[in-house]
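Here my numbering is used: position 258 in the sequence shown is 299, and no number is missing along the way.
Cβ coordinates follow ideal geometry from the N, Cα and C atoms, glycine included.
In this text, all values refer to a predicted model and were calculated from it rather than measured experimentally.
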Amino acid sequence: MKGKKSTKWLIIVLAILIVTASIILYNTFNTEGPKDGVKLNLFEQRWIQNNKNKIINISIPNNIPVFSYEGSGIAFSFLNFFEEGTELELNKVPYIELDDSTANSIRILRNSQKTSNKDLLFYLDNYVLVSKTQVVKKPVDQLTGTIGVLDIDFNDVSSYLVGNKLTFTRVDDIDNLILMLNEGEVDYIIVPELLYLDVIIENDFYIINTLNNLSLKYVLTLSEDGGNLNDIIKKYYKEWTNNYLADNYYTELLNLYTSIKQIDDKSKTDFKSKRYIYGYVENPPYEVNKNGELAGLSGEFIKSFTAFSEIEFNFKRYENVKELNKALEEGKIDIALNYHDLNTANTYKTVDILYSDYIILVKDGNYIIDTIKSLEGETIYTLKDSKLSSYISKNSRFNVKEVDRIELLKNRNLILMDYKTYTYYKNDYFNDYNVVYQNKIDTNYGYVIKKKDINDVFYNVFNYYISTLNHKQYENVGIKKIMTKAFYIDLSLLWLYVILIPIFIGLMILIVRKRKKIIKVRNDIKLKYIDPLTSLKNRYYLNTNIAKWEENKIYPQAIIVININNLKDINDAYGYEGGDQLIKAAANILINNQIEKTDIIRTDGNEFVIYMVGYEESAVIAYVRKLYRLLKDLPYEYGASLGYSMIEDDIKTIEDAINEAILDMITNREAKQNNDI
42 MKGKKSTKWL
52 IIVLAILIVT
62 ASIILYNTFN
72 TEGPKDGVKL
82 NLFEQRWIQN
92 NKNKIINISI
102 PNNIPVFSYE
112 GSGIAFSFLN
122 FFEEGTELEL
132 NKVPYIELDD
142 STANSIRILR
152 NSQKTSNKDL
162 LFYLDNYVLV
172 SKTQVVKKPV
182 DQLTGTIGVL
192 DIDFNDVSSY
202 LVGNKLTFTR
212 VDDIDNLILM
222 LNEGEVDYII
232 VPELLYLDVI
242 IENDFYIINT
252 LNNLSLKYVL
262 TLSEDGGNLN
272 DIIKKYYKEW
282 TNNYLADNYY
292 TELLNLYTSI
302 KQIDDKSKTD
312 FKSKRYIYGY
322 VENPPYEVNK
332 NGELAGLSGE
342 FIKSFTAFSE
352 IEFNFKRYEN
362 VKELNKALEE
372 GKIDIALNYH
382 DLNTANTYKT
392 VDILYSDYII
402 LVKDGNYIID
412 TIKSLEGETI
422 YTLKDSKLSS
432 YISKNSRFNV
442 KEVDRIELLK
452 NRNLILMDYK
462 TYTYYKNDYF
472 NDYNVVYQNK
482 IDTNYGYVIK
492 KKDINDVFYN
502 VFNYYISTLN
512 HKQYENVGIK
522 KIMTKAFYID
532 LSLLWLYVIL
542 IPIFIGLMIL
552 IVRKRKKIIK
562 VRNDIKLKYI
572 DPLTSLKNRY
582 YLNTNIAKWE
592 ENKIYPQAII
602 VININNLKDI
612 NDAYGYEGGD
622 QLIKAAANIL
632 INNQIEKTDI
642 IRTDGNEFVI
652 YMVGYEESAV
662 IAYVRKLYRL
672 LKDLPYEYGA
682 SLGYSMIEDD
692 IKTIEDAINE
702 AILDMITNRE
712 AKQNNDI
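Quick look at the structure:
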């Protein structure tokens, strides 16, 4: 009893420790804070109560698509969230131009302007390179041609692109800038993306590249003497940014496009209701299969589009490019990354998302390569079926040898490879190689989408969305994730592991103990009802089951009693071992000749009882005679005496039948003895 109490208290203490540790770990590692989880102190709550009848003015620009446009946009979403949470009343004052010193306002800061500790940064609106046609993506430092810019942006843009072979054309308003691009007076224009996104969509222009370090800053400037109000706004801003900003941004971005392009509700519903098939051949770091989902660089773009559009993808992995090409041609897939040399007939092509840099690797030899043409006459190895291998084969005079798998390139002397692929596999296969040449080709990596009527909206929305992304940012995130090959544990779920693992172990212990108890009980029951010498059922089994047999209304029933002759004499002459051998021999005969719907029981030292159900008397007699003949061959040749009794109705009890069968057995034994005399 004392041991059980100690175990009970130990379990209670362990449970308390597990729950306490789980709470601490949950609060520490759970990165997804609860929505509506703004925590205000007593002074802030009191300030809100004292100012609920006052109107707070907030100045806000009203001409920035997605951000703040005619009463909608992510800035208005935040202010509405703030009003609902605090029940304070805001007077949202729209403006086109605002004095920089105005407090409690959402302002636009130029690239050179610095934010202060009173500014909450809402959005960085990067400048983008815009083209009239869908041209090949180029790095910003390799731009050439004529660029159109607004007067207000000229200084920032020209200084950012200093050193490029560019000609700038300046105009004073956006309409003239658009006109120049449409009429071919400039090759590109550079504008803040969000500020002029509606114009870009309306004119079917293409965003070719992002100027990563040149942007406008949209900030909420708080009052110098705001005190508690400033603190309250900051807390709600943090909550909204963590839990609502992304969804609000995606909604506004999609609504802007569908509104300008007049995509009706039915088309939007059809677009969102279809499950699109993405086909790929695994080729790290671009496309990687991770638990049936797409990972890698392309996976980052697809995952982002899924969050934006709320559509679903199925990912179909193919063993080789031939199978992928066939699936694309037959319309079995809707979309694929055009990394490979795919047949793009009858497909839509999206804007480029990644550059296709390539390198030349050398293992042995003193190679100095100024241009790719320096390798004419050499044999160079590369991966099969890529756009890179296809391009080089068509545009060079050296011997190109293709291999099916990356590991087959190892120990080749001259290797042509995609730069990002090299970075991923460098430590695995190419540590002892030197990069002797690096360049770019005029074909990059975008997506191809199968031309179908049902895919028209999908292509347009997809192409629009990925053109708005900062491709370099997504590339960096994808590279970082895929290059982290170490074992990873999601610490946000550590608190759950702490609970579940001990519970699982505890349950397994309880199950094992319960199982042992069940087996022990079964063994005890078995021992209780089984005769250890013959393995037949014993008298205790008979006594336990008589009542149940009495309730059986299936007739006729029969009782057979079997008595081994002269067992006492055999025990006296040969010892109990001889008697036991005789009993086991008789039991084996009964077991080997048992028929259906019968129970065989050893009721005494030399006595057996057989309970039978559903047999007519003639069948019972035949069975008795068979057993009698078989038992005559028992050791010592004394045989056995048998008797039976029939139960035709519920008047005769089992006990009556047993007694009657015993009398019949005695009568038969005496008759046999008289005949022998």
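For this session: Take Glu323 and list the residues in its own chain whose beta-carbon comes closer than 7 Å to its own, dropping the five residues that flank it on each side.
Result: Val329, Asn330, Arg358
Problem set entry | As assigned by DSSP and simplified to three states, the class of Ala588 | helix
Problem set entry | Collapsed DSSP secondary structure at Thr156 in the structure displayed | coil
Problem set entry | Residue-chain proximity (Gly126, chain C), Cβ-Cβ < 8 Å | Within the model displayed, chain C is absent; a lone protein chain is all it includes.
Exercise. If you draw a straight line from the C-alpha of Leu672 to the C-alpha of Val553, how long is it?
Worked result: 46 Å
Exercise. Counting along the chain, where does the alpha helix (DSSP H) carrying Tyr319 start and finish?
Worked result: First-last for Tyr319: 316-322, but that is the beta strand (DSSP E), not the alpha helix (DSSP H).
Problem set entry | Straight-line Cα distance separating Tyr463 from Ala527 | Unreliable placement is indicated for Ala527, whose pLDDT of 41 sits below 50; no coordinate value is reported for it.
For this session: Would you kindly work out how many angstroms separate the C-alpha atoms of Gly74 and Asn283, rounded to a whole number?
Result: Its pLDDT being 44, under 50, Gly74 is placed unreliably in this model, and the value from its coordinates should be taken loosely. Cα-Cα distance, rounded: 8 Å.
Problem set entry | Option in Val502, Gly684, Ile544 with minimal Cα separation from Lys313 | Val502
Exercise. Would Val665 be called buried (16 or more neighbouring beta carbons within 10 Å of its own) or exposed?
Worked result: buried
Exercise. Among Ala660, Leu683, Ser659, Leu449, which residue has its Cα nearest to the Cα of Arg670?
Worked result: Leu683
Exercise. For the candidate residues Asp166, Leu294, Glu360, whose alpha-carbon lies nearest to that of Gly254?
Worked result: A small fix is needed here, since residue 254 is Asn in this sequence, not Gly. The shortest Cα separation from Asn254 among Asp166, Leu294, Glu360 belongs to Asp166.
Exercise. Is the region 230-243 touching the region 105-117, taking contact as three or more C-beta pairs under 8 Å?
Worked result: yes
Exercise. Between Asn607 and the rest of its own chain, which residues show a CB-CB distance below 8 Å, the 5 nearest in sequence each way excluded?
Worked result: Tyr677, Tyr679
For this session: Assign Asn436 to one of two classes, buried (16 or more other C-beta atoms within 10 Å of its C-beta) or exposed (fewer than that).
Result: exposed
For this session: Run the CB neighbour count on Tyr514, radius 10 Å, all protein chains shown included, and call it buried at 16 or more, exposed below.
Result: For the record, residue 514 in the displayed sequence is Gln; it is not Tyr. Gln514 comes out exposed.
Problem set entry | CA-to-CA distance, Ile611 to Asn700, given in whole angstroms | 26 Å
Problem set entry | Straight-line Cα distance separating Leu416 from Tyr408 | 9 Å
Exercise. According to the neighbour-count rule (16 or more other Cβ atoms, all chains shown, within 10 Å of its Cβ), is Pro102 buried or exposed?
Worked result: buried
Problem set entry | Backbone secondary structure at Gly372 - three-state DSSP | coil
Problem set entry | DSSP three-state assignment for Asp645, whether helix, strand or coil | coil
Exercise. Below 8 Å, can you find three or more Cβ-Cβ pairs linking the region 167-177 to the region 267-286?
Worked result: no
Problem set entry | Residue range of the beta strand (DSSP E) that includes Glu353 | 353-359
Exercise. So what does Phe349 bridge to, in DSSP terms?
Worked result: Phe349 pairs with nothing; no bridge assigned.
Problem set entry | Coarse secondary structure for Ala702, derived from DSSP in three states | helix
Exercise. Does the region 690-697 come within contact of the region 613-626, defined as at least 3 CB pairs closer than 8 Å?
Worked result: no
For this session: Tell me whether the beta-carbon of Tyr321 lies closer than 8 Å to the beta-carbon of Leu335.
Result: yes
Problem set entry | For Tyr247: DSSP bridge partner residues | Ser172
For this session: Can you tell me the Cβ-Cβ gap for Tyr486 and Thr391, rounded? I've got them flagged as a contact below 8 Å.
Result: In fact, because the Cβ distance is near 10 Å, the residues do not count as touching under 8 Å.
Exercise. For His381, which beta-bridge partners are listed by DSSP?
Worked result: Ser427
Problem set entry | N-terminal and C-terminal residue of the alpha helix (DSSP H) that Asp209 is part of | It should be pointed out that residue 209 corresponds to Phe in this sequence rather than to Asp. Here Phe209 belongs to no alpha helix (DSSP H); instead the beta strand (DSSP E) covers 206-212.
For this session: Could you say which of Ile605, Phe122, Gln90 lies nearest to Asp674 if we only look at CA atoms?
Result: Ile605
Exercise. Which parts of the region 434-510 are runs of the beta strand (DSSP E), unbroken and 3 residues or longer, counting only runs that do not cross its ends?
Worked result: 440-444, 455-459, 475-481, 488-491
Exercise. In terms of DSSP beta bridges, what is Val334 paired with?
Worked result: The identity of residue 334 in the sequence shown is Glu, whereas the question assumes Val. DSSP output for Glu334 lists Lys331 as bridge partner(s).
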